[in-house]
Amino acid sequence: MFLIDNSYYKIKNTKGKGRGVFAEKIIKAKTIIGEYAGEKVEIEKYDLEKDKYGLYLMFLNDEYAIYPDLTKIDIYLINHSCEPNCWIMNHDDHVYFFALRDIKVEEELTISYLLPPKDKICNPCNHICKCGGKKCTGSMHQTQRQFERWQAFQKKLC
């Protein structure tokens, strides 16, 4: 759910990425954008085919994830970028999105999806990045080194 007033954002169609969230007003760095809300599901029992073409499953930990209510316009519409302007923070079974830096009017709000390194399960892989940024890697997956650094960082916070 968005925790900023709806006058700060607008949902618009994007080129090749479906819908996205765009700033209607300047959003200051460190502003909490919202919380990823939905049904808490056990990853082991979750049908990953359900999420094959839309990346909506938000992992809380190794056991649980959140699946949003796709009938609602909500924070799950924030797209991936290799150069995100927002970040995610897991805390006590909640996932919060916040601004990494000031976000300009008309700029798309983005996060890194932080997908683990590609493996044989993700073959063929549909997680192609379409962010178009200067540092775009062409994939939503992290390298092994990035993944290990992210895991270590998360453990320090918890």
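Remember, my numbering sits 3 above the position in the sequence shown when you count from 1. Every residue, glycine too, gets a C-beta built ideally from N, C-alpha and C. Quick caveat: nothing in here was measured; it's all calculated off a predicted structure.
In angstroms, rounded to a whole number, what distance separates the CA positions of residue i and residue j?
i    : j    : result
P119 : F156 : 15 Å
L63  : D50  : 17 Å
Is it buried or exposed for residue i, if we count other Cβ within 10 angstroms and need 16 for buried?
i    : result
A102 : buried
N88  : buried
V108 : exposed
T113 : buried
Could you spell out where the beta strand (DSSP E) holding residue i opens and where it closes?
i    : result
R104 : That residue, R104, is in no beta strand (DSSP E); it is neither H nor E in DSSP.
G21  : G21 to A26
H94  : C89 to H94
Within its chain, find whatever has a CB closer than 8 Å to the CB of residue i; leave out the 5 residues flanking it on each side and keep chain order.
i    : result
H144 : L118, P119, P120, K121, C125, C128 and H130
T17  : G23, N82 and E111
C85  : S115, C132, C134, G136, K138, C139 and T140
According to the Cβ coordinates, are residue i and residue j closer than 8 Å?
i   : j   : result
K33 : F25 : no
I35 : A68 : no
G41 : D72 : yes
Counting only the same chain and skipping the five closest in sequence on each side, list residues whose C-beta sits under 7 Å from that of residue i.
i   : result
Y11 : A26, E27, K28 and I30
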